[in-house]
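See structure below.
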Amino acid sequence: MAAPVSSDANEERANPGQTADFLRYSVLLEHLVGDERKARSVPASVQGGLLGTHKSEQEKRVEAFMESCGFKTVLACAAGFVLGGAFGVFTAGIDSNVGLDPKDPTRTPTAREVLRDMGQRGVSYAKNFAIVGAMFSCTECLIESYRGVTDWKNGALGGCVTGGIIGFRAGPKAGALGCAGFAAFSTAIDYYFRRCRGAGTYVQHQCTSHHTINWLVQQGCRRNR
13 MAAPVSSDAN
23 EERANPGQTA
33 DFLRYSVLLE
43 HLVGDERKAR
53 SVPASVQGGL
63 LGTHKSEQEK
73 RVEAFMESCG
83 FKTVLACAAG
93 FVLGGAFGVF
103 TAGIDSNVGL
113 DPKDPTRTPT
123 AREVLRDMGQ
133 RGVSYAKNFA
143 IVGAMFSCTE
153 CLIESYRGVT
163 DWKNGALGGC
173 VTGGIIGFRA
183 GPKAGALGCA
193 GFAAFSTAID
203 YYFRRCRGAG
213 TYVQHQCTSH
223 HTINWLVQQG
233 CRRNR
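Each residue of the sequence shown is one higher than the one before, starting from 13 at the first, in my numbering.
Set out below in structure tokens:
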């Protein structure tokens, strides 16, 4: 008497292609996320799991222009001017002595006098911030171009040079303090931004990996239906 044939065997005979697809999918998962996965070096042209496209000559020229020291200096100067103007207007707005006449401090200033003083302070702050931003950006870019390395030392050296030049007008001691203060501040800001950027890249990589695995599982489930 012949042994009874199981239902699984009948399904395999009825759908041999589906069984082969499932086996291939299982092997694929083992090599992608399983024990058979091997460490591979990802080329620079691969970003986020998608092949990167080659840049045209125009895109390369635009990128080179935006990375030049002149463009960075002008951009930092403009950003410093806007930020300094806003900061100057803000400090003038909270200053109770704005618009007062030194010859007659008891007289209440008019709105025109208050706005004039706020504008003058905003312009003064804007000029100072623009000069400092341009000096720091230009110095950092030149140091980075000379060293050929992008790290925190560029910002620290650029801050030291900028602070030293600004403080040296009040003497050698003020120049040394300005150099140390600007260098420490630049290093702290650079460390904070690099840390946030690294955390964001790690989270993006983890999310991309999870989305890839979920997509593979969904494709396998659809094939097995």
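Just so you know, even glycine gets a beta-carbon here, dropped at the ideal spot from N, CA and C. Every value quoted in this text rests on a predicted model; they were computed, and no experiment measured them.
Around T151, the same chain offers G170, V173 and T174 as residues with beta carbons nearer than 7 Å, after the five sequence neighbours per side are excluded. D116 carries a strand assignment under DSSP once its states are collapsed to helix, strand and coil.
Counting every other CB atom within 10 Å of its CB across the protein chains shown gives R119 a total below 16, marking it as exposed. The criterion of a C-beta distance shorter than 7 Å is satisfied by T85 and S149. Per DSSP, reduced to three states, the secondary structure at I177 is helical. Buried is the label assigned to E156, since at least 16 other Cβ atoms lie within 10 Å of its Cβ. Taking C-beta atoms under 8 Å as the contact rule, G97 and Y137 qualify, at a distance of about 6 Å.
Ranking Q70, G179 and G193 by CA distance to the CA of G187 puts G179 first. Annotation for G111: P121, E125, V126 and D129 place their beta carbon closer than 7 Å to its own, counting only its chain and skipping 5 residues before and after.
Under a 10 Å Cβ-count criterion, C208 is classified as exposed, with fewer than 16 other Cβ atoms of the shown protein chains found around its own Cβ. Here D202 is near G167, since their CB atoms are less than 7 Å apart. Assigned with DSSP and collapsed to three states, T151 falls in helix. Distance from the CA atom of Y158 to the CA atom of N109, rounded to whole angstroms, is 48 Å.
Cβ-Cβ distances below 7 Å link T162 to E156 in the same chain, with the five nearest sequence neighbours on each side left out; the list follows chain order.
By the Cβ neighbour-count rule, G100 is buried, with 16 or more other Cβ atoms within 10 Å of its own.
Spatial neighbours of G160 in its own chain (CB-CB distance under 8 Å, excluding positions within 5 residues in sequence) are not present. G187 sits in a helix when the DSSP states are folded into three classes. The alpha-carbon separation between A91 and V74 amounts to approximately 20 Å.
Within the model, the alpha-carbon separation for A192 versus A182 is close to 15 Å. When only Cα atoms are considered, M78 and L189 end up about 33 Å apart. Pairing R133 with A104 gives a Cβ-Cβ distance under 7 Å.
In this structure, F93 sits near A142, with a CB-CB distance shorter than 7 Å.
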